[in-house]
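Undergrad: The structure under discussion is supplied below as structure tokens; questions concerning it will follow.
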């Protein structure tokens, strides 16, 4: 399985799509997490993402290893943004390609669920009412 | 729920991404089906997709109605290509956006599974050994 | 010529369009007529009839003014 | 200064880095020391210690040459 891991200020869906493209693979599933303009009804101005980058990349590699062990996925890209992100901007992209589509959904959902549970990245929410959480 | 349905010679992932984008939605799931360069070990030169277009759009609308009934999805795009398609080219794109990610995976997988079962579109496979199936 | 044939059904019948045969009044009768007239259709996993762009049950009435389609197993995606 | 603090743990302690306190020899001891020294940390759903970029069990040894991180609940994605 080919793996692209990235934690950078700017990430794009396109670079994930480009990486997972393969004429041998019929199915691609891409999850994109974007900054929402509200959290539980409160307007959000921006988020700030901080990462313990080296460990985060190491935890992402563990997820990739788990995916490779469980499913016949050909390519996997996991990208996470850091720094200030405005509503509508991309925070995370997980993309997989495989010969068949069912496992692509399973692997992609597993990867994003696990990323959110284990990868050392934190967000601060800057609400429009001035509070920061 | 906003819906984009399209059956055309050329479709792109980008137009689906553009359609489902919304600063109110945190999660986007996109399935892309591409032409594979082999089927069960036999090399494929190209596929040809034929659609009963008006009924296909009507069946796609029924899928959209089912999705809207079952999940709180904000936007759904279903695009299918017709005509000659080479290995690596996009055949189908199903994209959804929602506030939360779990239902986005469920809705996207339901939509592509149902599309493949009910929407009147047919493919012919042109194998490199000359056979057409 | 209000009956359209698609995919492998078109290839087996050798035509993309035909007139609704005389005496056929339901979708089920049309399907039976097609299977008898073009026996290769019996090898398909399924053969559906659509009337006015929607899948039709066997008992649904068909007539000369309906848009009728012969639908072999779909294979989109 | 081989202990790094992240996220809300950094905010609560008021520093991004500190020296491993004297007499602390395991990850569990460090966690206990942090919870006692900065009681607001007790309100977090979890507090993990990472040693050399991997999550550490309570019994894992820690020393002055290790890269140690204090990890409050993660919230990426």
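Chains as they are written, first to last, in the working numbering: chain A, -7 to 125; chain B, -7 to 125; chain C, 3 to 79; chain D, 3 to 79. In this text, a Cβ means the ideal position worked out from N, Cα and C, and glycines have one as well.
From this set, A/65, A/120 and A/61, which residue's C-alpha is nearest residue 90 of chain A's C-alpha?
TA: Ranking the options by Cα distance to residue 90 of chain A, first place goes to A/65.
Undergrad: Closest Cβ-Cβ distance between residue 33 of chain A and chain B: below 7 Å?
TA: No, residue 33 of chain A does not count as interfacial toward chain B.
Undergrad: What in chain B is Cβ-close to residue 79 of chain C, meaning under 7 Å?
TA: Residues of chain B passing the Cβ test: 25, 83, 84, 104, 107 and 108.
Undergrad: Among the residues of its own chain, which have a CB less than 6 Å from the CB of residue 9 of chain C, if the five just before and after it don't count?
TA: Contacts found: 74.
Undergrad: One question on the structure: do residue 103 of chain B and residue 86 of chain B come within less than 7 Å of each other, judged by their Cβ atoms?
TA: In contact: residue 103 of chain B and residue 86 of chain B (Cβ atoms closer than 7 Å).
Undergrad: Suppose the cutoff is 7 Å on Cβ atoms and the five residues either side in sequence are ignored; what does the same chain contact list for residue 18 of chain D look like?
TA: 6, 7 and 12.
Undergrad: Is it right to say residue 34 of chain D is buried, meaning 16 or more other beta carbons lie within 10 angstroms of its own, or is it exposed?
TA: When all chains shown are included, residue 34 of chain D counts as exposed.
Undergrad: Go ahead and pull the three-state DSSP assignment for residue 102 of chain A.
TA: Residue 102 of chain A: helix per DSSP, three-state reduction.
Undergrad: Here's the rule: buried if 16 or more other CB atoms are within 10 angstroms of the residue's CB, otherwise exposed. What is residue 14 of chain B?
TA: Classification of residue 14 of chain B: buried, given that the 10 Å Cβ count is 16 or more.
Undergrad: For chain C, check one thing: does any of its Cβ atoms lie closer than 7 Å to the Cβ of residue 79 of chain B?
TA: No, its Cβ sits nowhere closer than 7 Å to a Cβ of chain C.
Undergrad: Out of curiosity, what's the CA-to-CA distance linking residue 54 of chain D and residue 68 of chain D?
TA: Looking at the two C-alpha atoms, the distance is approximately 6 Å.
Undergrad: Between the stretch 104 to 120 of chain A and the stretch 41 to 52 of chain A, can you find at least three pairs of beta-carbon atoms closer than 8 Å?
TA: With a cut-off of 8 Å, the stretch 104 to 120 of chain A and the stretch 41 to 52 of chain A count as touching, because enough Cβ pairs lie within range.
Undergrad: Quick check: residue 21 of chain B and residue 100 of chain B, are their CB atoms within less than 7 Å of each other?
TA: In contact: residue 21 of chain B and residue 100 of chain B (Cβ atoms closer than 7 Å).
Undergrad: Give the range of the beta strand (DSSP E) segment to which residue 53 of chain D is assigned.
TA: Unbroken beta strand (DSSP E) run through residue 53 of chain D: 50 to 53.
Undergrad: At a CB-CB cut-off below 9 Å, which residues of chain D make contact with residue 67 of chain A?
TA: Correct list: empty, because the minimum Cβ distance to chain D is about 20 Å.
Undergrad: Got a sec: is the Cβ-Cβ distance from residue 111 of chain A to anything in chain D below 7 Å?
TA: Yes, contact with chain D.
Undergrad: Could you give the DSSP three-state label for residue 77 of chain B: helix, strand or coil?
TA: If DSSP states are grouped into helix, strand and coil, residue 77 of chain B belongs with the strands.
Undergrad: So, is residue 1 of chain B buried or exposed, given that buried needs 16 or more other C-beta atoms within 10 angstroms?
TA: Flag for residue 1 of chain B reads exposed.
Undergrad: Could you tell me the boundaries of the alpha helix (DSSP H) in which residue 11 of chain B lies?
TA: From DSSP, the alpha helix (DSSP H) with residue 11 of chain B extends over 5 to 12.
Undergrad: Whose Cβ in chain A lies nearer than 9 Å to the Cβ of residue 20 of chain B?
TA: Within 9 Å Cβ-Cβ: 5, 22, 23, 24, 25 and 26.
Undergrad: Applying a beta-carbon distance threshold of less than 8 Å, which residues of chain D neighbour residue 115 of chain A?
TA: Result: 77 and 78.
Undergrad: Buried or exposed for residue 54 of chain B, going by 16 or more other Cβ atoms inside 10 Å?
TA: The residue in question, residue 54 of chain B, is exposed, as its Cβ has fewer than 16 Cβ neighbours within 10 Å.
Undergrad: Below 8 Å on C-beta distance, what does residue 52 of chain C contact in chain B?
TA: Those are 44, 47 and 112, listed as they occur along chain B.
Undergrad: Are residue 5 of chain B and residue 48 of chain B touching if we call contact CB-CB under 7 Å?
TA: Their beta carbons are not under 7 Å apart, which means residue 5 of chain B does not touch residue 48 of chain B by this criterion.
Undergrad: From residue 72 of chain A to residue 16 of chain C, what does the alpha carbon distance come to, in whole angstroms?
TA: For residue 72 of chain A and residue 16 of chain C, the distance between alpha carbons rounds to 55 Å.
Undergrad: Please report how far the alpha carbon of residue 66 of chain C lies from the alpha carbon of residue 4 of chain C, in whole angstroms.
TA: Rounded to the nearest angstrom, the two C-alpha atoms are 7 Å apart.
Undergrad: In chain B, what lies closer than 7 Å to residue 25 of chain C by C-beta?
TA: Those within 7 Å of residue 25 of chain C in chain B number zero; the least Cβ separation is about 26 Å.
Undergrad: Comparing the C-beta of residue 99 of chain A with each C-beta of chain B, is any distance below 7 Å?
TA: For residue 99 of chain A, the answer is no, since every Cβ of chain B falls outside 7 Å of its Cβ.
Undergrad: Could you give the DSSP three-state label for residue 22 of chain D: helix, strand or coil?
TA: Three-state result, residue 22 of chain D: coil.
Undergrad: I need the straight-line Cα distance from residue 72 of chain C to residue 125 of chain B, nearest angstrom please.
TA: Looking at the two C-alpha atoms, the distance is approximately 19 Å.
Undergrad: Using a C-beta to C-beta distance shorter than 7 Å, which residues of chain B count as neighbours of residue 116 of chain C?
TA: Here chain C comprises residues numbered 3 to 79, so residue 116 of chain C is not present and cannot be evaluated.
Undergrad: Give the straight-line distance between the Cα atoms of residue 116 of chain A and residue 79 of chain A, rounded to the nearest whole angstrom.
TA: Answer to the nearest angstrom: the Cα atoms are 13 Å apart.
Undergrad: Under 9 Å between beta-carbons, which chain A residues line up against residue 16 of chain D? List them in chain order, please.
TA: Going along chain A, no residue has its Cβ under 9 Å from residue 16 of chain D, so there is no contact; the nearest lies around 15 Å.
Undergrad: Residue 42 of chain D touches chain A at which residues, Cβ-Cβ below 7 Å?
TA: None at all; the shortest Cβ gap to chain A is about 14 Å.
Undergrad: Given that residue 16 of chain B touches chain A, what residues does it touch there, using C-beta distances under 8 Å?
TA: Ordered by position in chain A, the residues that pass the 8 Å Cβ test against residue 16 of chain B are 28, 29 and 30.
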